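Participant: Below: one structure in structure tokens.
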Amino acid sequence: MSGVRITRSLFLKSLRSVLGPHNARFVSRANNTVSLPQEINEALESSEMKHRRHPGIRKNIQVSIPDKLLAAATEVLATRDIGQLREAASILRLQLWTKCLPTEDREIRDKAQALERQLLGDRLESMTPEERSQIEDQVEQAVLKKLKEQIPPWTPLNYDEFGSYTYLVGRLAADYATIRAVLAEIRHQNPAFAPKSLLDFGSGIGTSFWATREFWPHELQEYFAVDVSNDMNTLARLLVQGGNPNAEVKFRGYYQRQFLPATHKIKFDLVTSAFSLLELPSTEHRLQTVASLWGKTNSMLVLIENGTLEGHRAILEARDFILTTTKKEDPEGCGARVLAPCPHDQDCPRETEGFGIPCNFQARYEEPFLLQKKKSARLNYSYVVLQRSGSLPAEHDWARLIRPVLCRSNHVVCRVCCHDAKLREFVFTKARHGRHIYRVARCSEWGDQLPVSILPSTEETMQESK
């Protein structure tokens, strides 16, 4: 069955992967006592700190791509049929959003055997070899039909020249805003981190390079891009050249390759893989790639995917693999640590409790090319930042807001992932929790951290609505 080509549309599958089978899931309503750290409480009390600027705020502003990148992209698109590219880009965006993890050969075989038993029932055991031979073709066709209906198709996307320009129109701004948001999280959690070298796996049109240069324009000295598509690499370099193929690349340490180097002797301060894991053909390939990326990581590894259930699972698979393998290799050492977004290194509660809802966040950006006029847009994404060594800040343990904050009359509802790997829903009121905690919660947004200490308490099980 491994050679069967599955050709069913993924659109409905995508909706299910994003929304889950139901609109509500179980989560714990917290009755815990919470308190602000003393220094924050005193700063708020003395008005030295504003509630809307508490240290857990991330400022999820609408992002525009840098002027130099916008000018270069505009230049390279000047001679192209923008209408045709926009039409193709809309299709490509849907293909990327509905991308599923490839079904393993073993899963297909198991599914085929189950379907065969379902079709034949108890008759299979009582049939003679001659009887089985007579209906073999008929059963095989029926099983193949069912497989096509039940197993989502998967094929890697191969980008030629037209596909590369289509990607630029459809995803440049979204990718930039997403990568920028994750890098901003790194800088917030570890202000001292200043990468001198960057390895970008699945580099595409080089968006990670531009986002990294925004935060560390003088520190970054080497950029090593890896993408299997020569046309993508050509376009990425052309953007760095300002859209002029005859211009020099002013960034001296700019390198491109089609495949990852086999050696782990050369390491990079920052390693990124954005929207690439779902393009790998199997679990084995994904884990081998993740292991290779981690082996080349000197400090930080960043993995990003679309915020669908499939993207979340790919991120979670890589996260758990690295945490598990590093712990086995060095049980007494610090190994890998999750810097963000999780406030813990334990199993993801969304997965262990079977929620069927991805852990994702939202990037806001201005879309410059997809439509005739610039328009505000948003993209949900899932990510993880893994740190190789060094201590984590105390603020790392603060609860992470994993859904939009619900501001209601006289109360605020916050749904968070906590340091003990539990999901909780807090209902903050001024009367019960005090003015400062109430206003801090009210000023917070999805993706922020709540700078509060949470004490253990009894909890009431309730449902989480998306």
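Each step along the sequence shown adds one to the number in UniProt numbering, with nothing skipped, and position 98 is 98.
Backbone N, C-alpha and C define an ideal beta-carbon position, used for all residues, glycine too.
Everything numeric in this text was worked out from a predicted model, so none of it was measured.
(1) Do Y365 and G307 have their C-beta atoms closer together than 7 Å?
(2) In the DSSP assignment, what residue or residues form a beta bridge with K375?
(3) Quick one: residues in its chain with C-beta nearer than 6 Å to the C-beta of K99, no 5 flanking neighbours on either side, listed in chain order?
(4) Could you pull out every residue in the same chain whose Cβ sits closer than 6 Å to the Cβ of G175, ignoring the five residues on either side in sequence?
(5) Pick out whichever of G170, L92, V226 and V338 has its Cα sitting closest to the Cα of S273.
(6) Keeping to the same chain, check which residues put their C-beta closer than 7 Å to that of D448; ignore five residues upstream and five downstream.
(7) Is the Cβ-Cβ distance between residue 467 and T166 less than 7 Å?
(8) Measure from the alpha carbon of H419 to the alpha carbon of each residue in K374, H344 and A177, then state which is nearest.
(9) Between which residues of its own chain and residue 471 is the CB-CB distance below 7 Å, once the five residues before and five after are set aside?
(10) My output table needs one value for S133: the three-state DSSP class, helix, strand or coil.
(11) Per the DSSP calculation, S197 is bridged to which residue(s)?
(12) Spell out a yes or no on whether the segment 157 to 166 and the segment 228 to 243 are touching, meaning 3 or more CB-CB pairs, one atom from each, closer than 8 Å.
(13) Going by C-alpha to C-alpha distance, which of R435, K375 and S453 sits closest to L44?
(14) Measuring CB atoms only, is the segment 437 to 448 touching the segment 400 to 414, in the sense that at least three cross pairs come out at less than 8 Å?
(15) May I have the straight-line CA-CA distance separating N158 from G202, to the nearest angstrom?
(16) Between A336 and L323, which are expected to be in contact by the criterion C-beta below 8 Å, what is the C-beta distance as a whole number of angstroms?
(17) Alpha carbon to alpha carbon, how far is L260 from S389?
(18) Give every residue of the same chain whose Cβ lies closer than 7 Å to the Cβ of L238, excluding the five residues on either side of it in the sequence, and list them in chain order.
(19) Answer with buried or exposed for V249, where buried requires no fewer than 16 other C-beta atoms within 10 angstroms of its C-beta.
(20) Please report how far the alpha carbon of L293 lies from the alpha carbon of L172, in whole angstroms.
(21) Since N380 sits in a beta bridge, which residues does DSSP pair it with?
(22) How big is the Cα-Cα spacing for G356 and F193?
(23) Please specify which runs of the beta strand (DSSP E), each continuous and at least 3 residues long, are wholly inside the segment 278 to 349, giving them in chain order.
(24) If you reduce the DSSP assignment to three classes, tell me which class I151 lands in.
(25) If distances are taken between C-alpha atoms only, which option among H433, E42, Y223 and C342 comes closest to Y255?
(26) Within a Cβ cutoff of 7 Å, which residues of the same chain sit near V427, ignoring the five residues on either side of it in sequence?
(27) To the nearest angstrom, how far is the alpha carbon of L96 from that of R319?
(28) Measuring alpha carbon to alpha carbon, tell me which residue in I61, E39, I40 and T33 is nearest E363.
(29) So for D269, helix, strand or coil by DSSP?
(30) Within 10 angstroms of its Cβ, does H264 collect 16 or more other Cβ (buried), or is it exposed?
Facilitator: In short, the structure shows the following:
(1) Numbered from its first residue, the sequence shown carries residue 365 at position 365. Numbered from its first residue, the sequence shown carries residue 307 at position 307. Going by C-beta atoms, Y365 is not nearer than 7 Å to G307.
(2) Counting from one through the sequence shown, the residue named residue 375 turns up at place 375. E367.
(3) As a working note, residue 99 is residue 99 in the sequence shown. Hits under 6 Å: L278.
(4) Reading the sequence shown from its first residue, position 175 is the one you call residue 175. It is Asp, not Gly, that sits at residue 175 in the sequence shown. The answer, listed in chain order, is T207.
(5) Start at 1 with the first residue of the sequence shown, and residue 273 comes out as number 273. It is V226 whose Cα lies nearest to the Cα of S273.
(6) In the sequence shown, the residue the question calls residue 448 occupies position 448. Cβ neighbours of D448 beyond the five flanking positions: G56, I57, R58 and L401.
(7) In this structure the chain extends from 1 to 466, so residue 467 is not present and cannot be described.
(8) Counted from its first residue, the sequence shown places residue 419 at position 419. When each option's Cα is compared against that of H419, the closest is H344.
(9) In the structure as shown, the chain begins at 1 and stops at 466. Residue 471 is therefore absent and cannot be evaluated.
(10) For the purposes of this step, residue 133 is identified with residue 133 of the sequence shown, where counting begins at 1. The answer is helix: DSSP assigns S133 an H, G or I state.
(11) Here residue 197 is taken as the residue at index 197 of the sequence shown, counted from 1. Answer is E222, bridged to S197.
(12) yes
(13) The residue labelled residue 44 in the question sits at position 44 within the sequence shown. Taking only the C-alpha atoms, the option nearest L44 is R435.
(14) yes
(15) Here residue 158 refers to the residue found at position 158 when the sequence shown is read from its first residue. Here residue 202 refers to the residue found at position 202 when the sequence shown is read from its first residue. About 12 Å.
(16) As a first step, residue 336 is located in the sequence shown; it is residue number 336 there, counting from the start. As a first step, residue 323 is located in the sequence shown; it is residue number 323 there, counting from the start. The Cβ separation is near 6 Å, so the contact holds.
(17) Along the sequence shown, one-based indexing puts residue 260 at 260. Along the sequence shown, one-based indexing puts residue 389 at 389. Taking the straight line from one Cα to the other gives about 23 Å.
(18) Here residue 238 corresponds to residue number 238 of the sequence shown, with the count starting at 1. Contacts found: V76 and P245.
(19) Position 249 of the sequence shown, counted from the first residue, corresponds to residue 249. By the neighbour-count rule (16 or more Cβ atoms within 10 Å), V249 is not buried but exposed.
(20) The sequence position of residue 293 within the sequence shown is 293, counting from 1. The sequence position of residue 172 within the sequence shown is 172, counting from 1. Their Cα atoms are separated by approximately 23 Å.
(21) Here residue 380 is taken as the residue at index 380 of the sequence shown, counted from 1. N380 pairs with Q362.
(22) Within the sequence shown, the letter at position 356 stands for residue 356. Within the sequence shown, the letter at position 193 stands for residue 193. In a straight line, the C-alpha of G356 is about 35 Å away from that of F193.
(23) 297 to 306 and 337 to 340
(24) Taking the sequence shown and counting its residues from 1, the one referred to as residue 151 is at position 151. I151 falls in the coil class under three-state DSSP.
(25) Counting from one through the sequence shown, the residue named residue 255 turns up at place 255. Y255 has its Cα closest to that of Y223, out of H433, E42, Y223 and C342.
(26) Counted from its first residue, the sequence shown places residue 427 at position 427. Hits under 7 Å: H411 and V413.
(27) Taking the sequence shown and counting its residues from 1, the one referred to as residue 96 is at position 96. Taking the sequence shown and counting its residues from 1, the one referred to as residue 319 is at position 319. Roughly 22 Å between the two C-alpha positions.
(28) The residue given as residue 363 occupies position 363 in the sequence shown. Before going on, a small fix: residue 363 reads as Ala here, not Glu. Nearest of I61, E39, I40 and T33 to A363, Cα basis: I61.
(29) On the sequence shown, residue 269 is found 269 positions in, with the first residue counted as 1. Three-state DSSP puts D269 in a strand.
(30) Within the sequence shown, residue 264 is the residue found at index 264, counting from 1. H264 comes out exposed.
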